[in-house]
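Protein chains in written order, with our numbering: chain A, 3 to 273; chain B, 328 to 640. To keep things clear, I will list the structure first and then write my remarks on it.
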């Protein structure tokens, strides 16, 4: 299958820009976490996830759990771009005192659970995948976890569960940006050998550049037809803050959102 | 039959009748679950001793449309997986029924590690979660019906010594949340679980000794405020009894409600850890622990007599 990679990379820029528009106006958010998963989320919503824009009740849609909820902000520009929400609805919802009723409804395709309390989402995704198996459903469950989220023991409880139960309808994408909140993962508590940990739990692993559509789309290829009985873990090597060099790959920028004069600098620096 | 087994026996009945029930266990079984494991083996999912994953997997299964009973050994599903309960069951209102074996001090012989004496204080502040403490088989069976038919998060804890029936099933109303028994006017004993039967059993004998009791069994929290207000209004002296820590438990709930309702009533709380300096014994059992804490029945009755000013003739 061929893809329009130029259009996808143009979309990356557009989504990051729209994120800045929405969240600098709101005044808070996690820009570096959101920018880290931009290409992963765009890949999912443009080419991988099965959903119907006009039928939120379609039960055969794929499920998607964003366990590292701090990156959730990037979902909104992507929802808008996909036609799942209107610009007006986003502007109304993303403000203090705004109408968030729809956002709380958990009905957006692929927005099945919002994380943020780290470590919870992978088990939820495994439960969804197990539910699909029990119900003989063909939909897949996708879950994005953060690499620093993997310090949570619950991640490994869930990973063991997924491997043991041969949940080959579960795809985990680890946003391996190498940063927690305060420090680099390998400096505070080494995660490596990271892929081996997933393999030991029964996963097939693939390692890709998480900002490369070519590599991401290749990693997702064949996920609906694979014959093995193992869950898949895609370790996506990313840069926290990708798109804004002056914020990229720097500890303690986890909860940062440009304010005041910084806003203009962010827009000017964005690539 | 224990309340736990009465609950699961009814769950098995519902499953046989076609309800899409899945049981997720943190390495815990029950005699009453043997049939479920035999006949619906693929719907008995064992996550191992992993309480956090118990709640997360249960949440995912519930989102996939299953009726999910999560089952673990108290206090661990609450204390170890509190964040999952808080976010999945309370925050997102995902309808999981979390069941847990052990209530209060019923497994005191296993030590403090196995006594869920803080669970009530931990769960009461969480919105949308109904807390059920069956005081008999009937309440346990009705709790099973409630979990299958009501799409709401539930936490049910089973005292392993609660067995037999006190009430007719049709008297169990989880919206009201309590049942009053006895018309004695000296004391209103507000309690739940194993203590309900203990006090209902002694009502008659105490009445002959000029101690009139009304026993209010709060088997489901939160109780309906309007109904409970009437119960509190008629009370002359209130005694809250539980083998839980004093802070945040049933007695705290009663004091909070009296305050909010501006009802001045004399209240005594008889519960655990009144003496915070006392160390828990390493080797103990429930009877000995309750004796140490002033919660054995003879001691409680003496306290009631002293409060009323009754002397043994």
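C-beta: ideal position from N, C-alpha, C; glycine also.
What number of angstroms, rounded off, separates the C-alpha of residue i from the C-alpha of residue j?
{"i": "residue 375(B)", "j": "residue 556(B)", "result": "44 angstroms"}
{"i": "residue 200(A)", "j": "residue 261(A)", "result": "39 angstroms"}
{"i": "residue 469(B)", "j": "residue 481(B)", "result": "13 angstroms"}
{"i": "residue 1(A)", "j": "residue 64(A)", "result": "Residue numbering for chain A in the displayed model covers 3 to 273; residue 1(A) lies beyond these limits and cannot be assessed."}
{"i": "residue 587(B)", "j": "residue 569(B)", "result": "22 angstroms"}
{"i": "residue 212(A)", "j": "residue 476(B)", "result": "45 angstroms"}
{"i": "residue 6(A)", "j": "residue 471(B)", "result": "54 angstroms"}
{"i": "residue 252(A)", "j": "residue 218(A)", "result": "24 angstroms"}
{"i": "residue 210(A)", "j": "residue 390(B)", "result": "30 angstroms"}
{"i": "residue 460(B)", "j": "residue 128(A)", "result": "30 angstroms"}
{"i": "residue 404(B)", "j": "residue 203(A)", "result": "23 angstroms"}
{"i": "residue 142(A)", "j": "residue 226(A)", "result": "8 angstroms"}
{"i": "residue 613(B)", "j": "residue 126(A)", "result": "37 angstroms"}
{"i": "residue 165(A)", "j": "residue 205(A)", "result": "6 angstroms"}
{"i": "residue 3(A)", "j": "residue 42(A)", "result": "18 angstroms"}
{"i": "residue 445(B)", "j": "residue 208(A)", "result": "44 angstroms"}
{"i": "residue 434(B)", "j": "residue 508(B)", "result": "28 angstroms"}
{"i": "residue 396(B)", "j": "residue 573(B)", "result": "29 angstroms"}
{"i": "residue 250(A)", "j": "residue 73(A)", "result": "15 angstroms"}
{"i": "residue 10(A)", "j": "residue 46(A)", "result": "12 angstroms"}
{"i": "residue 523(B)", "j": "residue 625(B)", "result": "16 angstroms"}
{"i": "residue 438(B)", "j": "residue 611(B)", "result": "7 angstroms"}
{"i": "residue 398(B)", "j": "residue 566(B)", "result": "32 angstroms"}
{"i": "residue 454(B)", "j": "residue 8(A)", "result": "48 angstroms"}
{"i": "residue 599(B)", "j": "residue 256(A)", "result": "44 angstroms"}
{"i": "residue 577(B)", "j": "residue 410(B)", "result": "22 angstroms"}
{"i": "residue 384(B)", "j": "residue 349(B)", "result": "11 angstroms"}
{"i": "residue 585(B)", "j": "residue 543(B)", "result": "15 angstroms"}
{"i": "residue 553(B)", "j": "residue 462(B)", "result": "22 angstroms"}
{"i": "residue 575(B)", "j": "residue 452(B)", "result": "9 angstroms"}
{"i": "residue 2(A)", "j": "residue 351(B)", "result": "Since the first and last residues shown for chain A are 3 and 273, residue 2(A) lies out of range."}
{"i": "residue 388(B)", "j": "residue 580(B)", "result": "33 angstroms"}
{"i": "residue 33(A)", "j": "residue 100(A)", "result": "21 angstroms"}
Got a sec? Which residues, its chain only, sit under 7 angstroms from residue i by beta carbon, not counting five neighbours each side?
{"i": "residue 167(A)", "result": "132"}
{"i": "residue 328(B)", "result": "464, 490"}
{"i": "residue 354(B)", "result": "373, 375, 376"}
{"i": "residue 154(A)", "result": "120, 121"}
{"i": "residue 193(A)", "result": "149, 152, 187"}
{"i": "residue 92(A)", "result": "24, 78, 82"}
Since residue i is in the beta strand (DSSP E), which residue starts that stretch and which ends it?
{"i": "residue 373(B)", "result": "371-373"}
{"i": "residue 484(B)", "result": "481-485"}
{"i": "residue 427(B)", "result": "423-428"}
{"i": "residue 507(B)", "result": "506-508"}
{"i": "residue 595(B)", "result": "594-599"}
{"i": "residue 572(B)", "result": "565-572"}
{"i": "residue 143(A)", "result": "143-148"}
{"i": "residue 399(B)", "result": "394-400"}
{"i": "residue 540(B)", "result": "540-544"}
{"i": "residue 514(B)", "result": "514-518"}
{"i": "residue 348(B)", "result": "348-352"}
{"i": "residue 527(B)", "result": "Note, residue 527(B): premise wrong, no beta strand (DSSP E); alpha helix (DSSP H) at 521-535."}
{"i": "residue 338(B)", "result": "It is not in any beta strand (DSSP E) - residue 338(B) instead sits in the alpha helix (DSSP H) that spans 330-343."}
{"i": "residue 459(B)", "result": "457-459"}
Who are the Cβ neighbours of residue i in its own chain at under 8 angstroms, not counting the five residues just before and after it?
{"i": "residue 456(B)", "result": "412, 416, 417, 450, 480, 481, 482"}
{"i": "residue 1(A)", "result": "A question about residue 1(A) goes unanswered here, because the residues of chain A that appear run from 3 up to 273."}
{"i": "residue 347(B)", "result": "392, 393, 394"}
{"i": "residue 245(A)", "result": "14, 15, 18, 37, 40, 272, 273"}
For the alpha helix (DSSP H) that contains residue i, what are its first and last residues?
{"i": "residue 382(B)", "result": "378-390"}
{"i": "residue 26(A)", "result": "7-28"}
{"i": "residue 467(B)", "result": "464-476"}
{"i": "residue 177(A)", "result": "No alpha helix (DSSP H) contains residue 177(A), which is instead part of the beta strand (DSSP E) from 172-178."}
{"i": "residue 361(B)", "result": "361-366"}
{"i": "residue 503(B)", "result": "Taken as a continuous stretch (DSSP letters only), residue 503(B) belongs to no alpha helix (DSSP H), as it is neither H nor E."}
{"i": "residue 492(B)", "result": "No alpha helix (DSSP H) contains residue 492(B), which DSSP labels as neither H nor E."}
{"i": "residue 34(A)", "result": "33-38"}
{"i": "residue 157(A)", "result": "155-166"}
Does the Cβ of residue i lie closer than 8 angstroms to at least one heavy atom of the ligand HEM?
{"i": "residue 341(B)", "result": "This structure lacks the ligand HEM; in fact it carries no ligand of any kind."}
Give every residue of the same chain whose Cβ lies closer than 6 angstroms to the Cβ of residue i, excluding the five residues on either side of it in the sequence, and list them in chain order.
{"i": "residue 359(B)", "result": "332, 335, 336"}
{"i": "residue 196(A)", "result": "none"}
Could you tell me whether the region 163-181 of chain A touches the region 221-239 of chain A, where touching means 3 or more Cβ pairs closer than 8 angstroms? yes
What runs of the beta strand (DSSP E), each 3 residues or longer, lie entirely inside the region 185-241 of chain A? 206-211, 234-239
Measuring CB atoms only, is the region 502-520 of chain B touching the region 609-620 of chain B, in the sense that at least three cross pairs come out at less than 8 angstroms? no
Between the region 329-344 of chain B and the region 262-269 of chain A, are three or more C-beta pairs nearer than 8 angstroms? no
Cβ contact (3+ pairs, closer than 8 angstroms) linking the region 624-638 of chain B and the region 591-598 of chain B: yes
For the region 550-564 of chain B against the region 418-430 of chain B, are there 3 or more C-beta pairs whose distance is under 8 angstroms? no
Please give the ranges of any beta strand (DSSP E) in the region 62-90 of chain A, keeping only runs that are unbroken, at least 3 residues long and fully inside the region. 65-68
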